[in-house]
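To start, the structure itself, in structure tokens.
In my numbering, the protein residues as written are 346 to 778.
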């Protein structure tokens, strides 16, 4: 029996978060971007898209297209908050069987639950309605029997839409699409495809698979299968466990001042620490990421400087403490920095694990656990200790399992959850001193 797979995609997510959070933006042409002159649009609201603005449009160009453009600065804490809420709704009201693909989309296996709602479409509509009622955000859902077809389908009817792409629909709906619109086909792959006279997904479906593999590699076989409607239908929550949390900042000014650079590293470390704590995550490896503005002769030289230079250190005990992250990141910087002006700084926390799973298990070997009175006594000890220390740091086995089950749905947003920040706040702080 075929599975029923949904791909839920939050519509213009970053821009929508700002608009829901600030109702005065509701009818404005909202985009999300940094304010510096080199910035590009991260997300454009549907109002802004009417002017030809999309993700990747330079800010200066967007302002030319839409003079009354409203630029919202990236606020990843806000995005995480709303993302948490959306995934919570799915987890608590519909099913635990979903796989987070990114901060604003997830695959949901509704094979065993859709009959509760009558039809597959009603199930999708119930999810969309519940999310809108609880958060004010609109989402769209693509429906199929595997993840690739569901992901392709979601773009057929946005925003706040539901669309199907089933096996019978493939010749009419999938094959006419330009090859560049296929998931996992970027500019380089598109060029190779066109050199093989593959211009549409249908062309790929009918192409010699061996020729595709020889030109693109093993990935060519996956793409060829997708073009023929064959894809993975397994929704695996564990597959999207976070691998790292990072924050980077492109500097609006050049500096070699150690105090200024250390303050930026601290701000980045604080952001990483806050986001790790929100997800109950700790990490063992801390890294600094740098990009140099120039070489030793004053001109940027790609041969002398890599795009990003990374130095990392692994510590003994997993942490999300800001002071530890800052101290290690700063030490890593001084291992690789020779005083050249910096264009970018970043801090990452990797080798992540669940903080709750790091808690030590206490055993009561001398207590008869078959005696109900003794069990009540143990629970009382745990309760009193937690009250004394002002937080729940001792768990019963059952409660630990419950927290882990709940927490796994919360801590999986991006395999490499890196966020690019503006350093405007730091600049303003320095100007005020």
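Just so you know, even glycine gets a beta-carbon here, dropped at the ideal spot from N, CA and C.
So who's on the other strand from residue i, going by DSSP bridges?
i           : result
residue 657 : 632
residue 595 : 689
residue 403 : 385
residue 484 : 355
residue 415 : 375
residue 445 : 451
residue 626 : 699
residue 664 : 628
residue 523 : 545
residue 501 : According to DSSP, which records beta bridges pairwise, residue 501 is partnered with nothing at all.
residue 784 : Outside the modelled stretch of the chain, which goes from 346 to 778, sits residue 784, for which no answer is possible.
residue 540 : Note: residue 540 sits in no beta bridge, so no partner.
residue 507 : 486
residue 681 : Its beta-bridge partners do not exist; DSSP assigns none.
residue 350 : 454 and 489
Verify whether the separation of the beta carbon atoms of residue i and residue j is less than 8 angstroms.
i           : j           : result
residue 473 : residue 484 : yes
residue 379 : residue 419 : yes
residue 687 : residue 596 : yes
residue 692 : residue 633 : yes
residue 448 : residue 351 : no
residue 580 : residue 444 : yes
residue 627 : residue 540 : no
residue 415 : residue 460 : no
residue 660 : residue 629 : yes
residue 543 : residue 561 : no
Residue i to residue j, Cα distance in whole Å?
i           : j           : result
residue 353 : residue 537 : 31 angstroms
residue 390 : residue 662 : 43 angstroms
residue 375 : residue 425 : 19 angstroms
residue 477 : residue 508 : 18 angstroms
residue 673 : residue 347 : 50 angstroms
residue 398 : residue 407 : 6 angstroms
residue 387 : residue 664 : 31 angstroms
residue 490 : residue 619 : 38 angstroms
residue 545 : residue 530 : 12 angstroms
residue 510 : residue 498 : 5 angstroms
residue 358 : residue 567 : 29 angstroms
residue 370 : residue 362 : 10 angstroms
residue 655 : residue 612 : 18 angstroms
residue 547 : residue 527 : 11 angstroms
residue 676 : residue 658 : 9 angstroms
residue 506 : residue 410 : 27 angstroms
residue 481 : residue 492 : 26 angstroms
residue 631 : residue 514 : 48 angstroms
residue 684 : residue 635 : 12 angstroms
residue 668 : residue 446 : 31 angstroms
residue 517 : residue 550 : 13 angstroms
residue 695 : residue 670 : 11 angstroms
residue 439 : residue 479 : 14 angstroms
residue 582 : residue 442 : 7 angstroms
residue 501 : residue 355 : 14 angstroms
residue 402 : residue 385 : 5 angstroms
residue 453 : residue 368 : 30 angstroms
residue 637 : residue 593 : 14 angstroms
residue 519 : residue 364 : 33 angstroms
residue 625 : residue 475 : 26 angstroms
residue 412 : residue 622 : 40 angstroms
residue 393 : residue 432 : 27 angstroms
residue 666 : residue 601 : 27 angstroms
residue 377 : residue 437 : 30 angstroms
residue 462 : residue 435 : 14 angstroms
residue 512 : residue 614 : 48 angstroms
Assign residue i to one of two classes, buried (16 or more other C-beta atoms within 10 Å of its C-beta) or exposed (fewer than that).
i           : result
residue 679 : exposed
residue 405 : exposed
residue 681 : exposed
residue 422 : exposed
residue 616 : buried
residue 603 : exposed
residue 430 : exposed
residue 564 : exposed
residue 576 : buried
residue 589 : buried
residue 464 : exposed
residue 450 : buried
residue 559 : exposed
residue 533 : exposed
residue 496 : buried
residue 457 : exposed
residue 574 : buried
I want to see whether chain B comes within less than 8 angstroms of residue i, judged by CB atoms only; does it?
i           : result
residue 415 : Looking at the structure shown, chain B is missing, and only one protein chain is on hand.
Open item on the list: Does the segment 456-476 come into contact with the segment 554-565, if we say contact requires no fewer than three beta-carbon pairs (one atom in each stretch) closer than 8 angstroms?
Closed with: no
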